[in-house]
Structure formats: structure tokens, C-alpha cells
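Chains as they are written, first to last, in this note's numbering: chain A, 444 to 905; chain B, 444 to 905.
This is the structure in C-alpha cells:
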């Protein structure tokens with residue numbers, strides 16, 4: 444039995460898939476501070492116009508430029524693997540397949556959009572990109588992409604992560620990126636925070652503010668900001684994952700999966716794998732599509748669909764999405780990439796439309812699953828990815844109970860070699876679960892009280 | 444142009460290649476403390492008999508058991524890649540191919556022999572393996588292998604590395620291995636050292652002594668010791684690398700390489716890639732085959748071919764090999780896996796026979812090469828691997844000067860994600876080269892003065 448399915452470079456998908464073209468109701472627009480829809484020109488100081496066009500596009504298929512494919516070939520197509528050894532350990536009749544996104548040089552799915560964004564920026568004449576990073580996955584992916592294209596890269600890394608994860612910073616520097624602890628002295632936003640709170644550990648919200656300020660204040664206008672999740676064009680670039688997976692399943696004569704799973708923080712790795720299958724579902728296929736989030740950060744499973752800011756500092760437009768409120772501070776779980784109050788608008792709307800079946804899983808079950816994975820399949824998974832593994836194991840056990848040979852497909856979004864302290868905590872028995880009491884959630888939801896509400900009827904249509 | 448060549452699982456090599464069968468002169472035997480050849484029975488308390496048989500075999504081809512193939516399929520066949528982006532940066536007419544051994548779950552070539560050794564031990568009824576590890580590559584590979592087979596694994600890790608590289612230890616523990624700082628209180632050897640030197644940073648020599656003692660003193664006789672390099676059966680298991688590479692070059696219609704390169708510490712990743720090509724060379728092919736070592740630990744390039752102990756504590760038999768003397772302490776270069784005073788007997792004898800053309804490269808040139816690599820090919824290389832990259836770049840530049848379209852093949856033996864501090868030192872300008880003054884080398888060579896000498900004439904024959 445073959446456990447790896449490789450797709451030839453010549454068979455790589457040559458177009459990205461845009462779910463916005465197929466959703467039953469059109470996407471709601473982002474809103475500006477005045478409550479009116481944001482128009483593309485308003486975003487021009489932040490993003491290059493070619494990416495803004497992708498952001499608002501309703502075309503179903505968008506060509507991947509040859510030069511972007513050439514960047515992707517360094518690690519794509521990524522392998523589709525069968526988790527045969529895990530199946531055996533579980534004694535399940537289910538077949539578990541997974542896309543291995545850990546093969547990219549930075550070790551996750553993030554470079555799929557990083558190289559595309561860097562390339563479009565370069566085409567637009569941009570010389571330098573800025574961004575923020577929490578745990579460091581995105582910052583290293585963008586540094587990597589900029590190295591390949593000869594762009595400058597400046598990453599504002601949340602100070603506490605900067606101090607705790609020096610290896611992530613060293614990855615960025617090896618690729619020539621500049622990594623600063625945020626808040627920094629290089630921006631007004633940073634300096635103001637430091638004046639008030641010199642000892643602050645920083646936050647993603649502050650880091651976003653600094654990165655955007657650094658982009659829009661470049662006197663030469665040659666700098667733009669780059670975001671690693673949430674936005675439509677990021678989801679778009681990630682769909683190559685699911686498009687490849689479809690071809691690979693076909694290559695081995697496998698049917699459409701019964702279940703498709705991805706962990707969801709901002710939504711991009713989940714969207715990347717699942718959106719091409721959501722298209723099948725819209726066309727009538729019987730597929731269960733599951734975004735998995737941490738129980739302690741239950742955006743899709745407990746929060747409302749609302750208009751909210753993407754950041755704490757309210758610098759971003761209002762996005763139509765499930766949100767715990769922009770003031771929500773997720774507990775310190777190890778899956779840093781899933782600690783986000785909101786969710787990509789495209790993933791949010793697909794949920795509103797009833798196309799997705801979100802689940803939440805507590806981190807102890809995730810680590811238990813990841814350790815079983817490491818001792819059967821062999822690889823060490825990122826803490827974020829462990830959520831998808833845990834959900835796949837739940838489905839495989841259900842298939843065993845039902846005696847059904849289901850096909851399960853999930854996204855192995857990255858390796859955990861830079862995130863071993865979570866395993867240490869788990870193996871030593873020090874890891875704990877975090878609940879989110881209802882009253883705490885209600886408190887953070889209040890931060891959205893005065894914001895416009897998206898129109899919606901009971902069937903989820905507007 | 445395709446940059447990745449995948450071999451189907453069904454086309455994986457099904458036999459290992461044993462260079463001992465083809466060397467012009469038979470291998471010299473290891474010698475015991477009395478100066479007489481060691482016989483297999485004397486090794487029985489340390490290794491299982493099925494591996495001892497492989498150690499002394501002169502059969503050219505040895506079958507890989509189906510069950511070992513099934514273990515290897517988790518990551519093998521490994522990709523053959525073309526370093527097209529580096530070629531473009533160098534402007535060379537040479538074609539640079541490399542085997543990507545970084546795809547194994549522990550991230551290097553080491554698991555090729557770890558899973559085979561663990562399987563043969565389990566077949567022999569062994570329940571537990573012990574070993575030593577310096578930087579941690581080997582210890583994590585053996586922990587990984589034992590996890591897959593349900594064996595216990597105990598790793599004695601040199602104390603200074605244990606303290607400095609907690610992530611390596613966490614990898615081992617995630618796979619269920621037990622990792623102890625050496626010297627430890629669990630062995631006589633460890634306790635004696637700790638009594639004399641309570642603050643010792645430890646050494647590979649001490650750790651080997653502890654691991655062997657822990658194996659041979661198991662009252663149930665269910666424990667054996669496992670070594671990750673140097674010995675013949677380890678070289679044997681690694682030849683799958685070169686055998687795959689041959690098939691992959693053939694798949695794309697490529698000729699035999701003009702140059703084959705691997706970094707060499709104990710010799711195993713170099714041997715694994717190169718031995719199948721050494722066979723071609725013995726049969727008349729014109730191939731330049733280059734083991735690359737650090738200038739500061741110049742075993743093949745400056746030391747004599749001699750009989751020497753494999754360890755500082757003189758616990759091992761005398762091996763016929765190039766050696767700087769078992770008392771040699773290599774400078775603290777970052778390529779910990781290349782800090783070894785000796786060299787695999789098979790690699791040593793192939794050198795004596797004139798089949799290899801060893802080179803040494805200083806570490807600054809290696810890091811400069813590895814940083815260029817990371818910004819063109821994209822991946823971050825292990826410090827050991829950077830030596831092979833530096834040698835490949837030297838060859839590619841030579842090909843440019845000569846205007847020749849040479850085919851260069853090297854072994855990308857592993858990634859450097861757990862070894863980023865060396866990059867930090869390089870990028871900040873703090874990294875330095877180490878010379879080995881002749882008088883210092885002569886001093887350490889004295890430790891071999893009273894040992895038997897291998898017979899050898901000027902043409903390298905005995």
C-alpha cells in the first residue's frame with residue numbers, strides 16, 4: 444500500500460479557486476469607520492492594487508502567474524499522504540489522508556501566500572514589505588518569500604514571543620529579514636505604548652499597528668503591508684492545497700472524501716484545503732467539512748456573526764465575520780496561530796450558509812492526539828495542526844463504531860519542531876485545559892455593541 | 444525544468460550495497476586489546492548477532508527486509524532535487540543535484556540506519572536500546588525508530604549539549620525516549636567521573652562508555668547498544684541513499700555524475716550517497732568522489748591511516764581508520780556531527796585505495812555557502828550539511844571557469860532548524876575559523892604511538 448502520492452510539477456494547478464464566486468449569497472463588503480463600504484482606493488496605501496483586485500474579485504478562477512509557480516516549485520506540489528500507521532493503531536476501517544504542508548522550507552502552509560504576495564508587490568514596484576508575527580510562522584514565511592525575490596522584509600514580532608522564541612527570529616534573519624520586538628521605538632504607535640507601559644509584553648494588535656504605520660509612512664511609497672490570514676486573497680492563494688489534493692485522490696482512484704478537516708485560527712489553512720471541496724458541496728456532494736478551533740477560543744462554535752475590527756487597535760476596516768470581539772484575549776494555549784478573536788470572512792460566510800460544521804477541541808486532547816501521531820506516523824506536528832489530527836481521530840473512531848470505510852482528508856498544516864515546549868508541558872503533566880466561561884465571552888462581545896450589524900435572516904441569507 | 448524527482452515506493456531499492464565486496468584489497472579486521480582480530484562472538488554482549496553478521500559480511504548485496512522497507516516508506520524514497528536556483532545565482536553551467544535527507548521526521552539521514560538497527564534488534568528479541576548522542580541528531584533518530592517498533596530507548600546525551608539544546612531532548616521525549624545528561628548517576632562509568640569532576644561538561648567518550656555499560660549490564664540480557672556511524676553495517680544501511688539517487692538520475696535521463704560530494708564526520712551520510720558510485724569508479728567510471736571535512740578536524744586530509752580506538756575511553760576495539768588520535772579534542776565548531784577524531788573504516792580504506800579525494804573547508808566558508816543556499820534554494824541546512832554545500836559551490840565555480848556542463852551530486856544530509864545558533868553567530872560576525880597547528884596534531888597523534896600499525900605499502904595495498 445502506497446503511503447505517499449506525489450503530483451508532478453507539470454500537473455500543479457495553474458489557477459486558484461475563488462469561493463466568493465460560488466457562495467449562495469454575495470459576500471458582504473468590509474466597512475470603513477463611517478459605516479460605509481470600503482472602496483479599493485482606500486486600501487491603496489496599505490496593499491498593492493493587484494492584490495486589492497484579487498481581494499474584491501468574484502471571478503471563480505484566477506490564473507497563477509508562471510513566476511509564482513516557479514517560486515512554489517521549491518516545495519510544491521506537496522505530498523498527499525495516507526496515515527496508514529495511525530489507521531492501524533486505531534483499528535479503524537476509515538482511510539485517513541493528509542496534505543503535508545510541513546515540507547515548505549519555513550515548515551507550514553504560510554509560504555503559499557507569502558511568495559504570491561511578495562511577487563505581486565514586486566510587480567507593483569514595491570521594494571519592502573512589513574508585517575507582524577505572533578509565534579513567528581508568518582514572519583518566517585514572509586522573510587523566506589522576500590529572500591527569494593530580493594525584497595526587504597521588516598517583521599514586528601510580539602515582544603514576549605521575540606524573547607521566548609529566539610529560533611524563530613533566527614530563521615527570519617537567516618533569510619535576511621529584519622525582526623524587531625514590538626512595541627518598538629521605530630513607530631509612533633510603538634513609542635506611545637512604550638511611554639505608557641515600558642514593560643509591556645506586546646500584543647498582535649500593537650504589532651499590526653506598527654507594521655501598518657511602517658508601511659504607510661514610507662516617504663518613497665515603496666513599502667506595503669502584508670497579512671498572512673483572514674483576507675480573501677490569502678484564502679485564494681491557499682486553495683492550491685485543496686486543488687492538488689483533489690488531483691492526488693483522483694490519481695489513486697479514490698472517491699471524494701466523506702470528511703474534510705482543517706484547524707482554523709484566521710482560517711487560511713482550513714480554507715486552502717477545504718474550499719475546492721466546498722464547491723463540490725454547493726454542487727450537491729455529501730461532504731462533511733469541519734473547521735476545528737480550540738475550545739478556549741471558540742469563534743465559529745460560540746460567537747456571533749458580526750461586523751468587527753480585525754485588530755485590537757481598530758486600525759482595520761470592519762469585517763463581516765464570526766468574532767469574539769476585538770478586545771477578546773485568548774488564553775495562553777500553545778497553538779498561538781489559533782489565538783484569534785475573529786475568522787476569515789469567507790470561512791465565516793460559508794459557515795453562515797450552512798456549508799461548514801465547526802468543532803472545538805480542548806488542547807489536552809490535541810496533544811494526546813499529536814503524541815500518538817508522532818509515535819505512529821513519525822512526524823512532530825505543530826500545536827495548531829494537532830487540532831486537525833484530533834478531529835481526524837474523532838472521525839476515524841466514529842467510522843469504527845459505525846463500521847464504515849469513510850475517507851477522511853485533513854490538512855497537516857505544519858511541523859512542530861520550533862514549538863516543542865508545548866509537548867514538554869504535556870508530557871510532564873503540567874498542561875491544562877482552559878474553559879471560556881459564558882460571562883467572560885459576553886463581556887468581550889460588548890466591544891462590538893456599537894458597531895453596525897450585518898443584515899441576516901434566519902436562513903442566513905441577506 | 445523540473446526541480447524534484449520522486450521515486451515511487453514500489454521502485455525503492457530492495458537491497459543494500461556492501462562496498463567491502465568490491466574494494467581492491469580485503470578490509471582489515473578490528474583488533475582486540477591483545478592485538479588479535481576481534482571475532483563476532485566477542486561483540487555479542489554489545490550488538491545482536493544479526494547485525495554482527497552484517498558488520499563482517501563480504502556479500503555485495505544484502506536484502507532489505509520488507510518490514511524495514513515499510514518503516515522507511517514513512518519518508519523514503521527521498522526526493523532528488525536540482526538546485527536550479529543556486530545554479531542561477533552562481534551563473535554556472537554545472538547541474539547541481541542533491542538528495543534531500545531532511546525529509547525524515549527527525550530531519551536527517553540518521554533514521555535510515557536507526558530503523559534498520561531497531562528492527563534487527565527486535566527480531567533478535569531485544570527489548571531496549573541504549574546509545575549516546577552529542578548534538579542530538581542520532582539520539583532523536585534512534586528514539587524515533589524505537590517509538591515505531593515499541594522498543595525502549597535510553598540516550599546518554601553529553602551534558603553540555605543536554606543543557607544547551609533542550610529542544611533535541613524534547614524531540615526524543617516526544618517519541619518516548621529517555622534522555623539523560625552524561626555523565627549520569629546510572630552507571631559506574633558515570634558515577635566515577637562525577638566523583639572526580641562533578642562539574643564536567645561531559646564528552647562523547649564518556650557517553651559511549653555509559654551507553655555500552657547500560658547495555659551489557661542488563662541482567663535479563665534484553666538490552667543492546669546502537670551506534671549511529673563509523674561501523675560497516677551503518678554504512679551499509681545508508682547506501683539506500685545513493686542507490687535511490689542512481690535510479691532518479693536515470694529517470695530523468697541524466698548521466699553518471701562527474702562529482703559526488705558528502706560531508707564526513709564518522710562517514711555515514713557520505714558513504715550512503717557515494718558508495719554505489721565508488722562501485723562505478725572501481726569499474727572504470729571517471730567520477731570525482733569527495734568527502735568533505737572541517738579544516739579544524741582534518742581526519743582524512745591530514746591524519747595517518749592507523750589502528751585506533753573509536754572512543755576516548757578506549758572501550759571499543761581498534762579500528763583500521765584515518766585518525767587524529769583518540770585523545771584529539773576538536774575545536775567547538777557548530778557542525779557537532781563532524782567533530783570526530785576517526786573515520787569509518789570503509790571510508791578510510793576507500794581513501795587508502797585512492798578512490799576518494801577528500802577536502803577540508805573552514806566553517807566561515809561553510810556558513811557563507813549555507814546562507815546563500817537559504818536565500819536561493821530556500822531551506823536552512825544543518826551545519827554539517829553546509830560543508831557539502833560549500834564543496835558543491837566550489838565545484839560549480841570551477842565548472843564555470845572551465846566552461847563545462849558538469850553534473851554535481853551531493854547529499855543534503857539534514858536541515859538546520861534545531862541548530863540556528865550557528866547562523867546567529869555567523870550573521871552577527873562573531874563566528875571564527877579554527878586552524879589546527881601541526882604541533883597540536885602531532886601531540887594528539889602520540890596517543891596512537893603504542894598501538895599496532897596496519898600493514899600498508901606505498902600503493903596502499905596490504
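In this text, a Cβ means the ideal position worked out from N, Cα and C, and glycines have one as well.
Around the C-beta of residue i, are 16 or more other C-beta atoms found within 10 angstroms, so that it is buried, or is it exposed?
| i | result |
| --- | --- |
| residue 706 of chain B | buried |
| residue 881 of chain A | exposed |
| residue 607 of chain B | exposed |
| residue 792 of chain B | buried |
| residue 477 of chain B | exposed |
| residue 655 of chain B | buried |
| residue 730 of chain B | buried |
| residue 693 of chain A | exposed |
| residue 895 of chain B | exposed |
| residue 594 of chain A | buried |
| residue 484 of chain A | exposed |
| residue 482 of chain A | exposed |
| residue 751 of chain B | buried |
| residue 454 of chain B | exposed |
| residue 456 of chain B | buried |
| residue 857 of chain B | buried |
Once the 5 residues before and after residue i are set aside, which same chain residues still bring their CB inside 6 angstroms of it?
| i | result |
| --- | --- |
| residue 463 of chain A | 470 and 501 |
| residue 819 of chain A | 528, 529 and 532 |
| residue 684 of chain B | 542, 715 and 716 |
| residue 590 of chain B | 618 and 619 |
| residue 695 of chain B | 448 |
| residue 623 of chain B | 599 |
| residue 700 of chain B | 850 and 852 |
| residue 836 of chain B | 812 |
| residue 537 of chain B | 839, 842, 849 and 851 |
| residue 749 of chain A | 766 and 891 |
| residue 773 of chain A | 740 and 782 |
| residue 790 of chain A | 710 and 714 |
| residue 788 of chain A | 762, 763 and 764 |
Report back the beta-carbon spacing between residue i and residue j to the nearest angstrom; my notes put them in contact at under 8 angstroms.
| i | j | result |
| --- | --- | --- |
| residue 599 of chain B | residue 625 of chain B | 4 angstroms |
| residue 566 of chain B | residue 506 of chain B | The pair is not a contact, with the Cβ atoms about 13 angstroms apart (cut-off 8 angstroms). |
| residue 653 of chain A | residue 627 of chain A | 6 angstroms |
| residue 813 of chain B | residue 460 of chain B | Residue 813 of chain B to residue 460 of chain B, Cβ: 30 angstroms. No contact. |
| residue 519 of chain B | residue 540 of chain B | Contact doesn't hold; Cβ gap of about 17 angstroms is too wide. |
| residue 679 of chain A | residue 725 of chain A | With a Cβ gap of about 17 angstroms, residue 679 of chain A and residue 725 of chain A do not count as contacting. |
| residue 492 of chain A | residue 549 of chain A | Actually they do not touch by this definition, with Cβ atoms about 27 angstroms apart. |
| residue 732 of chain B | residue 796 of chain B | Not really, about 11 angstroms apart at Cβ, beyond 8 angstroms. |
| residue 601 of chain A | residue 534 of chain A | Going by Cβ atoms, the distance from residue 601 of chain A to residue 534 of chain A rounds to 43 angstroms, so no, they are not a contact pair. |
I'd like the list of long-range same chain contacts for residue i, defined as Cβ closer than 8 angstroms, with 5 residues on each side in sequence excluded.
| i | result |
| --- | --- |
| residue 756 of chain B | 632, 648, 649, 651 and 652 |
| residue 754 of chain B | 647, 648, 651, 652 and 769 |
| residue 569 of chain B | 491, 594, 665, 666 and 667 |
| residue 521 of chain A | 542, 543, 544, 546, 547, 684 and 687 |
Between residue i and the rest of its own chain, which residues show a CB-CB distance below 7 angstroms, the 5 nearest in sequence each way excluded?
| i | result |
| --- | --- |
| residue 807 of chain B | 874 and 876 |
| residue 681 of chain A | 552, 555, 556, 711, 712, 714 and 715 |
| residue 636 of chain A | 626, 643 and 649 |
| residue 489 of chain B | 655, 658, 659, 667 and 668 |
| residue 676 of chain B | 494, 497 and 498 |
| residue 592 of chain B | 561, 562 and 565 |
| residue 901 of chain B | Note on residue 901 of chain B: pLDDT 48, under 50, position unreliable in the model; the coordinate value appears next. Excluding sequence neighbours, residue 901 of chain B sits near nothing in its chain. |
Exercise. How do the segment 555 to 569 of chain A and the segment 869 to 885 of chain A stand: do at least 3 beta-carbon pairs fall below 8 angstroms, yes or no?
Worked result: Cβ pair count under 8 angstroms is below three, so no.
For this session: Enumerate, from N- to C-terminal direction, the unbroken beta strand (DSSP E) stretches of 3 or more residues contained entirely within the segment 456 to 537 of chain A.
Result: Complete beta strand (DSSP E) runs here, min 3: 458 to 460, 504 to 506 and 523 to 525.
Exercise. Using 8 angstroms as the Cβ pair cut-off and three pairs as the minimum, do the segment 823 to 837 of chain B and the segment 849 to 863 of chain B touch?
Worked result: Verdict: yes, contact present.
Problem set entry | Validate contact between the segment 750 to 769 of chain B and the segment 802 to 822 of chain B using beta carbons, cut 8 angstroms, 3 pairs | Too few Cβ pairs lie closer than 8 angstroms, so no.
Exercise. Hey, is the segment 574 to 583 of chain B in contact with the segment 531 to 545 of chain B, meaning 3+ C-beta pairs nearer than 8 angstroms?
Worked result: The segment 574 to 583 of chain B makes no contact with the segment 531 to 545 of chain B: fewer than 3 CB pairs, one atom from each, lie closer than 8 angstroms.
For this session: Report the residue ranges of all alpha helix (DSSP H) runs contained in full by the segment 817 to 874 of chain B; include only those spanning at least 4 residues, in chain order.
Result: The qualifying runs are 826 to 845 and 864 to 870.
Exercise. Using 8 angstroms as the threshold, is the segment 729 to 747 of chain A in touch with the segment 696 to 710 of chain A, meaning 3 or more CB pairs across them?
Worked result: Verdict: yes, contact present.
Exercise. Do three or more CB pairs link the segment 776 to 791 of chain B to the segment 742 to 758 of chain B at distances below 8 angstroms?
Worked result: Judged by Cβ distances under 8 angstroms, the segment 776 to 791 of chain B makes contact with the segment 742 to 758 of chain B, as three or more pairs qualify.
Problem set entry | Any beta strand (DSSP E) of 3 or more consecutive residues that is wholly inside the segment 695 to 766 of chain A | Unbroken beta strand (DSSP E) runs of no fewer than 3 residues, entirely contained in the segment 695 to 766 of chain A, are found at 702 to 706, 731 to 737, 748 to 752 and 761 to 765, following chain order.
Exercise. Which runs of the alpha helix (DSSP H), 4 residues or longer, sit entirely within the segment 641 to 687 of chain A?
Worked result: Complete alpha helix (DSSP H) runs here, min 4: 647 to 659 and 675 to 681.
Exercise. Residue ranges of each beta strand (DSSP E) run of no fewer than 3 residues wholly in the segment 562 to 590 of chain B, ordered along the chain?
Worked result: 571 to 576, all fully within the segment 562 to 590 of chain B.
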